[in-house]
Structure formats: C-alpha cells, structure tokens
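Numbering (this note's numbering), first residue to last: 137 to 426. Below you'll find the structure, written out as structure tokens, and then a few comments.
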C-alpha cells in the first residue's frame, strides 16, 4: 500500500504510495528508518480508512498530522523556496512573498507556522487581490503560493496544500497591435533622455524584455561588432545576441562617453522595472497615445 525509499543523493527517507490512481511521494524528513516507519504506518492508516469509507475522518487526519509533520515557520518555508529559483525569479517572488506575508500578519497575526494557514485564509487573500488587480496578477500570486505549499507538502511540513480548491481566474487576451509610423513619430517627439533610449532599444531590439533592457550594462553592447549580447532573465538565463540597428547604434554612440563596462546603461531604471514602466506610460500620455 505504501513503501519507504531514499532518493538518489538524499539521506532522508521518503514515502511512496498510490491514492485514487495517482502516485504520491512525501518526504518524512527523517534519516532514521525507525522514525520514518512511524510515519509510514500513519499514512497506511489514512489510506486504509480512505479505501474502506471513501473518505478520511477529520479527527484521524488531525491526530496523524500532529505526529507526522514537522513544525516549520511560515517565513522559513517561503524563504527556503526562494533559494530554489534563479536570482531574477527571486526578486519577483520576494515581492509576492512580502505582500502575502504582510497581509497575513495584518489579518491573522496569530499565524506563524505553515500548518496554521487555512484554505479560508488563502481564499480571502486571493478574493481581495482579484478585486483590485488583474486576473493575470491574481493568477500569478495563486500559482506562486501554490508552489510554495507544494514544496511544504513534499518536505513533510504539512499533509495537504491549502490552495486546493481555489481556482484561477480566466484571463482576457491583451488587445495588442503595432504602432503606426505616425504614432511612432509622435512618441519619439515626446521623449528624451533615458526614456528615449529605452524606447529606441525596445523598438529596434524587439526580442528583449523590458526587464532585460533596463538591466543592460555597457559590457553587453559591442558597438564594434554591432551586436548586443545578454542573458535572458527567463529561460534559465539563456544567452542571446542580436544585431544593432543603425539608428539604435547612433543613439548608443551619443550616450557612450567613457563609461566603464560594468556600469548600467540605465542607472535610474536598473533593477527597478516599475520606474521604466511608469516613465514609458507618461511618454505615451504626453504623445496622446493613451
């Protein structure tokens, strides 16, 4: 019904079992086989009752959960998850983590352990989020929080993921279209300085994300070879290279004036995507494009 095993490269015992036709793996968090066997027996009790009745009594779950899982700080679990992703993803996820944990502290200050978070709490948080944010933002938070709690289940801190039963919100496709030549003329008439260079790179280096553009350093620009080389913030840091359009090259040459290779091209925007987004939004307003 259930069995113990060790994963390659790990000294911890894991439990493997099948429930409702799906194979499940769960870390016991134990290196001692005897201690792991206790958890194995508890899982077998749960599975046995589920097989006989089709359900598991809440009292049995609570009794077993109290013995089977290891207590863990909510903050520690979220911080541990950050260590498992790339630096760029860490920055994005840390903002989500701080927002969720801050909300939880304001609404449920007594909650400090990962096992104390309930589905009702998470449903309340996501519902409030959906009222003030887009469906895409709501789904991004739910996806991130679900991943953290999935890790907590695998690590043996909780038995079930409390985000289960909370659905994603349907996202409407973004109505995008290319700018016309007349609109581009209005835009570049309205912008100057860093915002102009930002818009120029965005126009002539279409393969680049905004986050990649604002984090460019002068070492990424090879004016002699006529290329921009960088590592993508997504796709696990994939190496990219694109040719520099003559108009973009002329714009870069006017900006390059003895800067060191490690200096960022956009010091004000560097690592602050929201600043770049807001600057471009203001430029669109000035050009009467929104």
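Every residue gets a Cβ at the ideal spot worked out from N, C-alpha and C, and that includes glycine. Bear in mind the structure is a predicted one, so any value in this text is a computation, not a measurement.
Bridge partners - residue 363, DSSP secondary structure assignment: 358, 379
Cutoff 8 angstroms; reference residue 266; Cβ partners in own chain excluding five residues on either side: 274, 305
Between which two residues does the beta strand (DSSP E) harbouring residue 138 extend? 138-142
Compute the distance between the beta-carbons of residue 282 and residue 262, then report whether it is under 7 angstroms. no
Euclidean distance between Cα positions of residue 290 and residue 259: 22 angstroms
Contact set for residue 397: own chain, Cβ-Cβ below 8 angstroms, skip 5 residues either direction: 353, 354, 355
Touching by the beta-carbon criterion (3+ pairs, under 8 angstroms), the region 375-385 and the region 334-349: yes
With residue 369 and residue 332 assumed to form a contact (beta carbons below 8 angstroms), what rounded beta-carbon distance in angstroms separates them? Incorrect: roughly 23 angstroms between the Cβ atoms, too far for contact.
Run through DSSP, which three-state label would residue 385 get? helix
Give me the Cβ distance between residue 409 and residue 350, rounded to the nearest whole Å; I'm assuming they're in contact under 8 angstroms. 6 angstroms
Compute the Euclidean distance between the alpha carbons of residue 364 and residue 391, then round it to the nearest angstrom. 15 angstroms
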